[in-house]
Amino acid sequence: MNDSAIRVRGLRKTYGSTTAVAGLDLDVRRGETLAVLGPNGAGKSTTVQILSAQLPRDGGAVTVLGTDPAGADRRFRSRLGIVSQTANDLLELTVAEVVRHFAAYYPRPRDPGRVLDEVGLAGQAKQKLRQLSGGQRRRVDVALGVVGNPELLFLDEPTTGFDPEARRRFWDLIRSLAADGTTILLTTHYLDEAEALADRIAVIAAGRIRASGTVADLVDDREVTVAWRDGAKTTDTPTALIAELSAAHGGEIPGLTVTRPSLEDAYLRLTGQETAA
Ligand SMILES: Nc1ncnc2c1ncn2[C@@H]1O[C@H](COP(=O)(O)OP(=O)(O)OP(=O)(O)O)[C@@H](O)[C@H]1O
Ligand SMILES: [Mg+2]
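Residue numbers (the numbering used here): -3 to 273.
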């Protein structure tokens, strides 16, 4: 097999008169972590559902782990882990029961007790899902996504509702899975999460990829803003500008700040949501 985990060309999906995915191309290498960013309704969940064999497509070519998910069998599904955006409905089972139950579906599951530890639910193992807080329920979703020891993990907004400590713990878990060679496709609205976890980022809007690459690829580093008490300027040679200003001020520049463009600036530009700063 080659080193491609996901290859998508011209993917299309419509719901009635709504076009959710409008000719999307995407490549993910084996072992890579890709973050997909995009506004509400951009087509992220639809794409994840198609790639993970949960939803049929209307057009385009898709290969996932060497297989077309449209004809996926149980063996193919057992190689995937999925944390989707939809809530689960096993509310009367306990946390430990549901994780053990899911582990049994997979040929080489991770140890359910260890997984509960990793997602910070060891203390809630005997509680019913119904009795959990929103963030705790989301941790169960994550536990179910990783318990099968998947080759390829789909995470659709996995940390929505997590407190800061749970989010850090989740990041550690994802990094250790990535270090073990797991391929990960993650959607998120948290740009810091994308920066912390992803090897590459794809920005999607209106069902199409607008740009993809590393953070450095996406951010236009030529627009550095130098601001001081009496003014501000955007430049691609900030050091030279600061030297000039320093000479003009006879040394210290009052109120000097230097700001490089952020991933957020790039995101807003790429999705056409730029606001006048
Ligand atoms: N089951 C469905 N029936 C009809 N329309 C749908 C359905 N699921 C999604 N859509 C529409 O398809 C488009 C893409 O939705 P999708 O859920 O893929 O967006 P998303 O990028 O995941 O957004 P979010 O960030 O809000 O999760 C939206 O216009 C949405 O209204
Ligand atoms: Mg979504």
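Cβ atoms here follow ideal geometry from the backbone N, Cα and C, with glycine treated the same way. Just so it is clear, the structure is predicted and the values come from calculations on it, not from any experiment.
Rounded Cβ spacing between residue i and residue j (contact assumed at less than 8 Å)
| i | j | result |
| --- | --- | --- |
| leucine 275 | valine 138 | A query on residue 275 cannot be resolved here, the shown segment of the chain reaching from -3 to 273 and no further. |
| valine 215 | proline 257 | 5 Å |
| isoleucine 180 | leucine 140 | Contact flag wrong, Cβ pair sits at about 16 Å. |
Residue environment, residue i, which counts as buried when at least 16 other CB atoms sit within 10 Å
| i | result |
| --- | --- |
| glutamine 132 | buried |
| arginine 106 | buried |
| tyrosine 11 | exposed |
| glycine 62 | exposed |
| leucine 266 | buried |
| proline 154 | buried |
| alanine 272 | Note that alanine 272 has pLDDT 46, beneath the 50 cutoff, so the model's placement of it is unreliable and no number is given. |
| alanine 100 | exposed |
| leucine 76 | buried |
| arginine 110 | exposed |
| glycine 6 | exposed |
| threonine 14 | exposed |
| glutamate 88 | exposed |
| lysine 40 | buried |
| glutamate 248 | exposed |
| asparagine -2 | exposed |
Endpoints, the alpha helix (DSSP H) within which residue i is located
| i | result |
| --- | --- |
| threonine 43 | 40 to 47 |
| aspartate 21 | Unbroken run through aspartate 21 is the beta strand (DSSP E), 14 to 25; no alpha helix (DSSP H). |
| tyrosine 11 | Taken as a continuous stretch (DSSP letters only), tyrosine 11 belongs to no alpha helix (DSSP H), being part of the beta strand (DSSP E) at 0 to 11. |
| leucine 259 | 259 to 266 |
Beta bridge counterpart(s) of residue i as assigned by DSSP
| i | result |
| --- | --- |
| phenylalanine 166 | In DSSP, phenylalanine 166 forms no bridge with anything. |
| glycine 77 | Leu149 |
| valine 58 | Val4 |
| glycine 251 | Its beta-bridge partners do not exist; DSSP assigns none. |
| glycine 227 | Trp224 |
| alanine 198 | Val32 and Ser208 |
Enclosing beta strand (DSSP E) for residue i [first to last residue]
| i | result |
| --- | --- |
| valine 91 | Not the beta strand (DSSP E): valine 91 falls in the alpha helix (DSSP H), residues 91 to 99. |
| aspartate 233 | Sequence inspection shows threonine at residue 233; the aspartate mentioned does not correspond to that position. It is not in any beta strand (DSSP E) - threonine 233 carries neither H nor E in the DSSP assignment. |
| glycine 119 | Neither: glycine 119 is in no beta strand (DSSP E) and is coded neither H nor E. |
| arginine 206 | 204 to 209 |
Residue i: CB within 6 Å of a non-hydrogen atom of ligand 3
| i | result |
| --- | --- |
| lysine 40 | Questions concerning ligand 3 fall outside what the structure shown contains, since the ligands it does hold are ligand 1 and ligand 2. |
Is there contact between the stretch 223 to 233 and the stretch 191 to 199, where contact requires at least three CB pairs shorter than 8 Å? no
With three or more C-beta pairs closer than 8 Å as the rule, is the stretch 144 to 160 touching the stretch 116 to 132? yes
Touching by the beta-carbon criterion (3+ pairs, under 8 Å), the stretch 41 to 55 and the stretch 114 to 126: no
At least three beta-carbon pairs within less than 8 Å, the stretch 50 to 60 to the stretch 30 to 39: no
Spell out a yes or no on whether the stretch 219 to 231 and the stretch 161 to 178 are touching, meaning 3 or more CB-CB pairs, one atom from each, closer than 8 Å. no
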